[in-house]
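This report refers to the structure that appears directly beneath it.
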Amino acid sequence: MFKTGAKVVYPLQGVGIIEKIEEHKILDKIHKYYVIRLAAGDMKIMVPIDLQDKVGLRKVVDKPELDKAIKILRSKSTDIFSDWKERYTTNLDRMKTGSICKIAEVAKNLWTRNMEKPLSISEKRLFDSACTIIATELAYVQNIKLEEASSFVKNTLREVDTEEDK
5 MFKTGAKVVY PLQGVGIIEK IEEHKILDKI HKYYVIRLAA GDMKIMVPID LQDKVGLRKV
65 VDKPELDKAI KILRSKSTDI FSDWKERYTT NLDRMKTGSI CKIAEVAKNL WTRNMEKPLS
125 ISEKRLFDSA CTIIATELAY VQNIKLEEAS SFVKNTLREV DTEEDK
């Protein structure tokens, strides 16, 4: 169980801070909820404590795990799907795992795909979400501003394109 003030990651949304734990009565049963303020945007979400594992709520990664994700951003794309529905479903499943490394794969693969052909609106949203999640974790782990972390993620992806063009 997380405590108030803990930094956590909610899949598809990114890093947030547990502001408080509340109890709510639903169908004559008391349920406890985390109230989480997300770092990107001004949004709060409530997550039932007894479902935290099922929804994929996890602690923010440590530096070695973040370094693995950055290494993935710097690597070549592993995307083998030409069918956009299959690619979208696979990438969405990767995002839902909540794993920063899987999310980095999504960002990398969609960045590479976008260099070849513009992304669909759905894939563009998925790409933006992946970059935001990586940036929010990077900002917390490195203790930097979110804007700086976002720039780092995009610049890291761009660097690989520049190196491959040489």
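Heads up: the sequence shown runs through residues 5 to 170, numbered per the working numbering. All C-beta atoms, glycine included, are put in the ideal place defined by N, C-alpha and C. What you are looking at is a predicted structure, and each value in this text was computed from that prediction instead of being measured.
Annotation: I25 to K36 spans about 7 Å, alpha carbon to alpha carbon. Proximity to D46 across I104, Y92, I138, G18 peaks at G18, based on C-alpha coordinates. Of all C-beta pairs linking the segment 104–113 to the segment 124–141, three or more are shorter than 8 Å, placing the two stretches in contact. Counting along the chain, the unbroken beta strand (DSSP E) around R41 starts and ends at 33–42. Straight through space, the alpha carbons of A143 and K128 are spaced by roughly 22 Å. Its Cα nearest to that of V39, the residue E27 stands out among L31, K149, P122, E27. Cβ-Cβ distances below 7 Å link T116 to S81, D83 in the same chain, with the five nearest sequence neighbours on each side left out; the list follows chain order. The closest CA to that of S103, considering only I76, M5, E151, is found on I76. By DSSP's assignment, R62 forms a beta bridge with V13.
For I84, the three-state secondary structure derived from DSSP is coil. A Cβ-Cβ distance of about 12 Å is found for the pair I49 and L55, leaving them out of contact under the 8 Å criterion. Straight-line spacing of the CA atoms in V51 and L96 works out to 20 Å.
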